[in-house]
Amino acid sequence: QKAAEAHLAKQVPDPELRAKLTPDYVIGCKRILPSNEWYPAISKPNVEVVPSAVIGIRPDAVVGADGLARPVDTLIFATGFHVTDIPLAAAIRGRDGVALSEVWRGSPQAYRGAASPGFPNLFWLVGPNTGLGHNSIVFMIEAQLNYLMGALDAMERTGASRIEVRQDAYEAYNEHLQSRLADTVWNTGGCQSWYIDANGRNSTIWPDFTWRFWQQTRRFDAPAYVMTNGSGRGPRPHGRREAAQIPG
């Protein structure tokens, strides 16, 4: 935080402009974007920083909450991301026809960021709580791919045709994730970010070292799953089960 503030003071000598550019939240609460060009560009005489919400757009101007209409030629929207209201989740249906979006109810969660109970044979990459504010997502994708290959190997080895994460494993995993996130800057930094979903839950960020995610996924943990229609371990599930399907 102090290093960032010192860098800002060095790059932006104008105290009024510097005050406008100083966040009122803890560094890291939102994604940090390193740049050698941002402060010099924003300090140019033909640039105006307006710390005011936009309340209206006219054919030739933008109206701010300060009541002023500023003439513009082009609008560039940089308003963030939608990562928790996933349209595809409404199309994915598991057993009994329940949609993934109905299960999540605005707060996506998964086991190892890849599987949910009630959706047999469904695994995905870059799932809930695999996002990073401190490393490369490619590392997480590679770890999940390795984990998924382990699941396929386990199914082939046991002759199983269906695999589904156990409810207790799923719940324990997500409870641990949220407890780890509780005191992090992503939850307590004082900002509004796309890490937090509409229910106030952090559904996006992995809360630990990336090597720990690799450690958890480098071997497929078959006891956390029920594999059926073969010689798989664990009890045969009751009732009708169907593979999760994506229409079309």
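Going by the numbering used here, the sequence shown opens with residue 12, and the numbers climb by one from there.
Backbone N, C-alpha and C fix where the C-beta goes; we use that ideal spot for every residue, glycine too.
Asked, Found
"Taking the alpha carbon of Ala64 as the reference point, which residue from Asp71, Pro51, Pro56 and Leu79 has its own alpha carbon closest?", "Leu79"
"With the cut-off set at 7 Å, would you say Gln227 and Asn185 are in Cβ contact?", "no"
"Need the endpoints of the beta strand (DSSP E) that Glu48 sits in, please.", "Taken as a continuous stretch (DSSP letters only), Glu48 belongs to no beta strand (DSSP E), as it is neither H nor E."
"Suppose the cutoff is 8 Å on Cβ atoms and the five residues either side in sequence are ignored; what does the same chain contact list for Arg252 look like?", "The predicted model places Arg252 with a pLDDT of 38, which falls under 50 and marks its position as unreliable, so this point remains unresolved."
"Straight-line CA distance for Arg223 to Gly211?", "25 Å"
"Put Gly142 into one of helix, strand or coil per three-state DSSP.", "strand"
"Residues in its own chain within less than 7 Å of Gly200 by CB, not counting five upstream and five downstream?", "Tyr36, Val37, Gly39 and Cys40"
"Is the distance from the Cβ of Arg144 to the Cβ of Ile97 below 7 Å?", "Reading off the sequence shown, one finds Gly at residue 144, where the question assumed Arg. The answer is no: Cβ separation not under 7 Å."
"Go through the region 172-204 residue by residue and report every complete run of the alpha helix (DSSP H) that reaches 4 residues or more, in order.", "178-192 and 196-199"
"By Cβ distance below 6 Å, which residues in the same chain neighbour Ala110 in space, the five residues on each side in sequence not counted?", "Ala101 and Arg104"
"Which value, in whole angstroms, describes the spacing of the CA atoms of Tyr236 and Arg177?", "5 Å"
"Can you have a look at Ile87 and say buried or exposed, based on whether 16 or more other CB atoms are within 10 angstroms of its CB?", "exposed"
"Among the residues of its own chain, which have a CB less than 6 Å from the CB of Ser118, if the five just before and after it don't count?", "Asp208, Asn210, Arg212 and Ser214"
"Is the beta carbon of Ser54 sitting closer than 7 Å to the one on Val94?", "no"
"Relative to the C-alpha of Cys202, which candidate in Arg29, Gly67 and Arg42 has its C-alpha closest?", "Arg42"
"Helix, strand or coil: which one does DSSP assign to Val5?", "Residue 5 is absent from the structure shown; the chain starts at 12 and stops at 259."
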